[in-house]
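Protein chains in written order, with the working numbering: chain A, 7 to 357; chain B, 7 to 357; chain C, 7 to 357.
All C-beta atoms, glycine included, are put in the ideal place defined by N, C-alpha and C.
For reference, the structure discussed in these notes is given below.
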Amino acid sequence: MSSANNQYVHDAWYVAGWSSEFTHSLLPLMILEQALVGYRCADGTVAILEDRCPHRQLPLSKGQLHNDNIQCGYHGMTFNGQGQCVRIPGQDNIPSSAYVRTYPVHEKNNIVFIWMGEPDKADTNAIFHLPQFDSDQWHAHQGDALHLKAHYMNVAENLVDPAHVSFVHPTTLGNAASEDIEVHVDVDSDVLLAWRWIRDAPPVGFFQKFGGFDANVDRWHYYYLHLPCTAVIDFGSADVSAQLQESERDKGVRIFALHFLTPVNEHYTIDRWMHLRNAAVGDEQASEQMDAMFRIAFNEDKEILEAIDEAERAVQTRKPIRLAIDKGPIVYRRRIQSLIDGERPEVELHA
Amino acid sequence: MSSANNQYVHDAWYVAGWSSEFTHSLLPLMILEQALVGYRCADGTVAILEDRCPHRQLPLSKGQLHNDNIQCGYHGMTFNGQGQCVRIPGQDNIPSSAYVRTYPVHEKNNIVFIWMGEPDKADTNAIFHLPQFDSDQWHAHQGDALHLKAHYMNVAENLVDPAHVSFVHPTTLGNAASEDIEVHVDVDSDVLLAWRWIRDAPPVGFFQKFGGFDANVDRWHYYYLHLPCTAVIDFGSADVSAQLQESERDKGVRIFALHFLTPVNEHYTIDRWMHLRNAAVGDEQASEQMDAMFRIAFNEDKEILEAIDEAERAVQTRKPIRLAIDKGPIVYRRRIQSLIDGERPEVELHA
Amino acid sequence: MSSANNQYVHDAWYVAGWSSEFTHSLLPLMILEQALVGYRCADGTVAILEDRCPHRQLPLSKGQLHNDNIQCGYHGMTFNGQGQCVRIPGQDNIPSSAYVRTYPVHEKNNIVFIWMGEPDKADTNAIFHLPQFDSDQWHAHQGDALHLKAHYMNVAENLVDPAHVSFVHPTTLGNAASEDIEVHVDVDSDVLLAWRWIRDAPPVGFFQKFGGFDANVDRWHYYYLHLPCTAVIDFGSADVSAQLQESERDKGVRIFALHFLTPVNEHYTIDRWMHLRNAAVGDEQASEQMDAMFRIAFNEDKEILEAIDEAERAVQTRKPIRLAIDKGPIVYRRRIQSLIDGERPEVELHA
């Protein structure tokens with residue numbers, strides 16, 4: 007199997023969009039190099055279909071929605087939300103080849119998830135969840151869809167890599183105090199984890215603005231990477247006087263930054279990010295203030311990751327070197343490769 | 007023969023431009039992936055040459071016209087309208103290799119035709135003609151050159167396909183009344199024909215504005231496709247009371263929309279369109295009103311055809327299905343392929 | 007050696023920039039398809055390094071300069087001007103693979119030269135020099151960096167080709183009087199030379215403006231091409247009454263236009279041009295007036311050369327013909343090929 011497609015894990019739930027992105031109109035999407043069209047049906051559910059008429063290949067998203075059916079914009083072939091053709095103008099019989107592929111969809115926590123693999127393997131229990139979504143002690147807020155011209159694995163690496171924060175985000179999420187602090191890694195369970203605590207150090211820009219910290223703090227960064235493409239960054243700060251233990255992070259100002267990566271193609275990834283916090287619950291102005299800070303920080307990542315994507319396209323004359331901080335990223339790539347290999351048909355492994 | 011060029015019929019007359027496009031100045035053209043330069047000579051004829059100096063390959067269109075000769079803009083090599091080199095500055099002898107290819111050109115009905123195949127096969131009697139060009143009962147008017155990022159075969163298919171009108175042009179050339187009307191096809195003669203009549207139905211937008219019809223009409227669409235790249239769309243409307251027979255179309259308001267397709271490359275086609283009509287003869291305001299309506303309609307085609315061109319570049323996982331309405335397009339492709347095969351040198355067929 | 011890189015001579019000094027372009031900040035460069043980063047150190051010397059961190063390949067030019075060291079913008083790996091890694095944040099040992107390549111650099115006549123070949127072959131005595139740089143009878147002035155989307159060999163050809171001047175620069179550097187004047191060529195020494203004298207002819211636009219000539223002049227063009235990529239164009243004018251001999255050019259108004267070509271990739275070349283003159287010494291207004299005239303002329307070359315680059319990408323059906331005026335260019339290409347062949351490793355020549 008040498009197609010470009012074998013760089014993706016297919017048997018997985020990906021984020022197709024925030025719930026608010028899906029209305030009763032045709033929304034073209036591109037996920038794992040597959041052209042899709044989504045819309046919300048009258049019963050409130052979301053349907054996502056292959057975005058290509060099987061007749062002349064016009065994207066169905068160029069057509070029209072008639073009730074819950076899509077009518078192709080070229081010759082009027084019409085498909086229902088299950089992908090079945092229900093009308094061919096000018097002809098009575100509908101051949102069995104007149105269908106489009108559909109994808110399992112599940113909506114949860116105001117997020118629309120799509121299963122890109124074999125439909126009968128789709129298990130909604132496997133969809134990402136955080137208990138804090140259900141807690142009124144926590145405030146959840148959806149941010150933006152950040153478009154990066156970068157391979158999803160490079161973006162994901164960045165999300166299991168606390169060490170970059172000191173250098174890429176010196177005015178927002180990191181500062182010089184963390185430059186030489188050791189990164190701990192736990193790669194034994196399903197979710198990869200890299201973390202570190204910076205004790206008794208100046209607060210980073212984010213918490214100067216948001217938590218109002220000005221004296222030294224204890225602060226932490228926990229990077230959880232759920233394979234293939236979801237990251238939770240648990241970070242926060244607390245007064246040094248509180249002498250917070252690792253397990254007591256809820257006593258500080260604690261934030262979860264969530265990143266849902268949707269690979270578009272091998273050089274394009276959408277990172278839908280949102281955040282949850284245990285402070286300023288219900289305060290929408292605080293949400294917007296945080297959005298603004300995250301936008302600055304994530305655009306710093308974008309600049310780095312897009313420059314790397316371009317550099318990787320050049321002729322390679324040396325093998326990249328690996329550092330101590332790379333354990334998380336290395337294991338991530340190994341696991342992804344293993345998942346991809348596991349999806350190959352038996353016959354091809356033997357070929 | 008595996009070059010990209012074997013997707014074109016070469017032994018054919020193509021439209022290089024309206025007569026008004028050719029003046030005593032250098033006009034670069036690209037037809038069947040060949041760079042050409044055209045200009046009008048002192049005697050009024052049009053010359054079209056290969057647009058490449060045989061010395062350093064500068065396009066001759068970057069040079070200057072001196073009387074009826076082109077002087078290259080780099081070192082002054084000069085060619086006459088027959089492609090012969092008549093001067094090499096700084097050198098007396100002119101080698102036999104100092105020439106550029108020229109193409110047979112013929113001007114007719116204010117249209118400049120070019121023969122792209124072997125020159126000795128060029129027969130001006132084979133150039134497209136309509137008797138109505140010579141009739142004072144008819145008014146001819148040249149429209150625009152519509153540039154489409156689409157393969158010419160997909161554009162041509164659209165011009166032997168009455169069924170798309172109801173869905174692509176619902177406010178101009180078609181409406182819902184025609185959606186399920188059967189399409190007739192006659193593919194036995196040299197010119198492919200697809201047609202249908204819609205009887206006793208609301209007039210389409212075009213004839214509401216142009217013919218002033220508001221009550222139900224009988225209307226027709228005849229799509230004639232002259233291979234490889236010229237289409238005549240004969241369409242019109244008449245009062246239901248007139249009970250028009252198929253052969254009596256001249257008694258209604260009848261329009262011919264002509265499309266001259268010029269393939270530029272495999273993803274780019276120029277569609278020069280014009281129209282003739284048996285009403286409002288001599289009324290230039292009516293011509294402009296019709297231009298405006300056609301521009302809306304043909305841009306609807308452009309959007310569809312460019313989206314298909316892009317979709318066809320993606321990896322294909324399914325064979326497109328064919329419908330009853332596809333008979334014209336299917337025969338068109340088969341005929342084109344047969345013409346292309348007929349142009350292959352004997353020796354290559356045996357290879 | 008079949009990489010795209012074998013179209014360049016590597017064992018050569020190229021111009022990386024004017025001295026004024028290098029300050030204490032990171033300047034990304036692309037030379038012979040290699041990404042480089044340059045900066046001026048505290049001691050005034052210029053360092054040029056490979057612009058790629060060996061860790062995650064981020065261009066180092068995206069990082070920061072700390073004293074004379076570059077800190078990578080992703081994880082803070084830090085390299086000195088000799089390319090050695092001096093710090094890896096969060097880790098004590100520095101592996102031997104933690105380095106970036108550096109390039110020999112030499113600054114002379116306010117120009118920064120870089121050696122792109124094997125470092126131990128770099129000989130600063132081989133760097134281009136003109137005695138007039140050291141003379142107070144001459145005024146030197148640096149012009150622009152002209153960016154051309156063209157192969158460097160085509161640009162260089164143009165600089166050993168006096169014949170193009172009459173046709174490409176009819177209002178500035180040439181005029182009709184020179185069209186049929188024979189070009190002399192001397193290709194026996196290391197520096198290729200093509201030249202011609204035009205006696206008793208109207209002055210060209212340049213010398214009407216700069217020398218104030220209005221009556222007929224004797225004028226000359228000497229094109230010296232130093233391999234691989236430096237050209238000196240010695241041109242000037244004198245009153246016909248002076249009856250200047252070829253060796254007496256200093257008695258006329260004499261100008262050297264210097265072109266330092268830096269190949270960026272096979273379709274992109276930077277031409278840094280400057281000029282020296284034996285008139286209006288110390289007159290900066292004259293320098294600017296000359297800059298303005300050169301800009302017009304060199305943009306005329308740019309238009310021609312970029313059109314040729316595009317034409318050469320098309321499918322070639324004919325072999326270009328060669329003219330008497332092509333001797334200089336032909337020998338230039340042969341010499342370049344010979345230099346490139348000489349750089350191939352022995353083992354590959356035998357393969």
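Other residues of its chain near residue i: CB distance less than 8 Å, five sequence neighbours each side excluded
i              : result
residue 312(C) : 154, 155, 156
residue 8(B)   : Residue confidence for residue 8(B) is low, a pLDDT of 37 falling below 50, so the modelled location carries little weight; the figure read from the coordinates is stated next. Same-chain partners within the cutoff: there are none.
Neighbour list for residue i in chain A, Cβ cutoff strictly below 7 Å
i              : result
residue 80(C)  : 170, 173, 174, 310
residue 104(C) : 327
Proximal chain C residues relative to residue i, where beta-carbon distance stays under 7 Å
i              : result
residue 324(A) : 60
residue 63(B)  : 314, 317, 318, 326
residue 330(A) : 96, 97
Proximal residues to residue i (C-beta, below 6 Å), its chain only, five neighbours per side dropped
i              : result
residue 283(C) : 145, 261
residue 85(A)  : 76, 91, 106
residue 67(B)  : 32, 34, 43, 57
residue 304(B) : 152
residue 199(A) : 192, 230
Same chain, Cβ closer than 7 Å to residue i, five either side skipped, listed in chain order
i              : result
residue 345(B) : 15, 233, 234
residue 127(B) : 17
From the options, residue whose alpha carbon lies closest to that of residue i
i              : options                        : result
residue 167(C) : 340(C), 343(C), 335(C), 238(C) : 335(C)
residue 38(C)  : 61(C), 123(C), 51(C), 198(C)   : 123(C)
residue 281(B) : 275(B), 272(B), 274(B), 292(B) : 292(B)
residue 160(C) : 307(C), 329(C), 178(C), 347(C) : 307(C)
residue 53(C)  : 276(C), 74(C), 162(C), 329(C)  : 74(C)
residue 185(B) : 198(B), 202(B), 191(B)         : 202(B)
residue 207(B) : 342(B), 288(B), 183(B)         : 183(B)
residue 296(A) : 212(A), 188(A), 63(A)          : 212(A)
residue 172(A) : 314(A), 188(A), 246(A)         : 188(A)
residue 316(C) : 254(C), 272(C), 333(C), 351(C) : 272(C)
residue 134(B) : 238(B), 256(B), 100(B), 60(B)  : 238(B)
residue 88(A)  : 71(A), 55(A), 220(A), 104(A)   : 55(A)
residue 204(B) : 179(B), 101(B), 95(B)          : 179(B)
residue 164(B) : 221(B), 265(B), 210(B), 241(B) : 265(B)
Residue span of the beta strand (DSSP E) that contains residue i, given as start and end
i              : result
residue 53(A)  : 52 to 56
residue 297(C) : Here residue 297(C) belongs to no beta strand (DSSP E); instead the alpha helix (DSSP H) covers 290 to 319.
residue 191(A) : 190 to 192
residue 83(A)  : No beta strand (DSSP E) holds residue 83(A); DSSP gives it neither H nor E.
residue 41(B)  : 40 to 46
residue 23(A)  : 19 to 24
residue 70(A)  : 70 to 72
residue 93(A)  : 91 to 93
residue 329(B) : Element bounds for residue 329(B): n/a, residue is neither H nor E.
residue 151(C) : 145 to 154
residue 65(C)  : Element bounds for residue 65(C): n/a, residue is neither H nor E.
residue 99(B)  : Taken as a continuous stretch (DSSP letters only), residue 99(B) belongs to no beta strand (DSSP E), as it is neither H nor E.
Residues that residue i contacts on chain C, provided the C-beta gap is smaller than 9 Å
i              : result
residue 185(A) : 82, 95, 96
Contacts that residue i makes with chain C (C-beta to C-beta distance below 8 Å)
i              : result
residue 101(B) : 327
Contact set between residue i and chain B, taken where Cβ atoms lie within less than 8 Å
i              : result
residue 151(A) : The premise fails here: residue 151(A) is roughly 22 Å from chain B at the closest Cβ pair, so nothing lies under 8 Å.
Neighbouring residues, chain B, relative to residue i (Cβ below 9 Å)
i              : result
residue 272(C) : Going along chain B, no residue has its Cβ under 9 Å from residue 272(C), so there is no contact; the nearest lies around 16 Å.
For residue i, the first and last residue of its enclosing alpha helix (DSSP H)
i              : result
residue 347(C) : 333 to 349
residue 158(B) : 158 to 164
residue 174(C) : 171 to 174
The ligand ATP heavy atom lying under 6 Å from the CB of residue i
i             : result
residue 29(B) : Although the ligand ATP was asked about, the structure shown includes no ligands whatsoever.
Interface partners of residue i on chain A, CB under 9 Å
i              : result
residue 189(B) : 96
Chain-ordered neighbours of residue i on chain A, where CB pairs are closer than 8 Å
i             : result
residue 68(C) : 309, 310, 313
residue 41(C) : 317, 320
| query | What residue ranges within the stretch 103 to 133 of chain B form continuous alpha helix (DSSP H) runs of no fewer than 4 residues, ordered along the chain? | reply | none
- [ ] For the stretch 205 to 290 of chain C, list the alpha helix (DSSP H) runs that are entirely contained and at least 4 residues long, ordered along the chain.
- [x] 211 to 215
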